[in-house]
Amino acid sequence: MVDRQPVAQPSFASEGSEPMPWSRARERLAEARDFFLCTVRPDGRPHAVPLLALWLDGAMYFCSSESAHKVDNLAANPRCVLTAGGVDLDLSVEGTAARVTDPATLKRVAEGYGEKYGWQVTAVDGGIDGDGIGPAPYVVFEVTPAKVIGMGKDAGFTATRWRFD
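The opening residue of the sequence shown carries number 3 in the numbering used here; numbering runs sequentially from there.
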């Protein structure tokens, strides 16, 4: 996926503040280690779970065991939200999740997890496998962002919304 450039809109802000640059949000997404994934169960109830994810090539990626509730939820409704909190910037990424099966993408995701989290991870048929990720193989999802909201906490509270058209 190509790293698309979104359109920034101030959501609400302290007087005189400007929208945050996308580069700041993108950097925070790349650095963040802990995320929450929010999906919707088939009966409409929300489901939120902490997980490890990575920003790569303009999208969020995460892995999961095939039997997890989030996999079933995304099969019924691929819309989801990933959130990451930080000392100076909190982010939420709204988008659509799609299962990744392309070997080249799985290889890049495995390498990304290895670099970010220090795991020995390899791409396998239809997923990834490796030390420290639980019962493998894990399936991989790509979340294509539609909207990202950032809440800056330094120098007053400033929120910026980035839309991907």
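Just so you know, even glycine gets a beta-carbon here, dropped at the ideal spot from N, CA and C.
Worksheet item: When you compare only the Cα positions, how much space is there between W164 and A61?
Response: For W164 and A61, the distance between alpha carbons rounds to 14 Å.
Item to complete: Could you pull the start and end residues of the alpha helix (DSSP H) that S67 belongs to?
Response: Careful: S67 lies outside any alpha helix (DSSP H) and carries neither H nor E.
Practice prompt. Per DSSP, which residues does D92 bridge with? Please list them.
Written response: M153
Discussion item. Taking 6 Å as the limit between beta carbons, can you name the residues of its chain near N79, skipping five residues before and five after?
Written reply: V42
Practice prompt. Per DSSP, which residues does R81 bridge with? Please list them.
Written response: T98
Worksheet entry | C-beta atoms of K155 and D90 nearer than 8 Å | yes
Worksheet item: Taking the continuous beta strand (DSSP E) assigned at R6, which residues delimit it?
Response: Note, R6: premise wrong, no beta strand (DSSP E); not H, not E.
Worksheet item: Among the residues of its own chain, which have a CB less than 7 Å from the CB of A55, if the five just before and after it don't count?
Response: F37, M62, Y63, F64, L84
Worksheet item: Can you tell me where the alpha helix (DSSP H) with W24 in it begins and where it stops?
Response: 24 to 33
Fill in: Exposed unless 16 or more other CB atoms sit within 10 angstroms - verdict on E33
exposed
Worksheet entry | Among E117, V126, G88, the one whose alpha carbon lies nearest that of V102 | V126
Worksheet item: Roughly how many angstroms lie between the CA atoms of T107 and V95, to the nearest whole one?
Response: 20 Å
Fill in: Pair within 8 Å by beta-carbon distance, T124 and D133
No, the pair does not count as a contact, with Cβ atoms beyond the cut-off.
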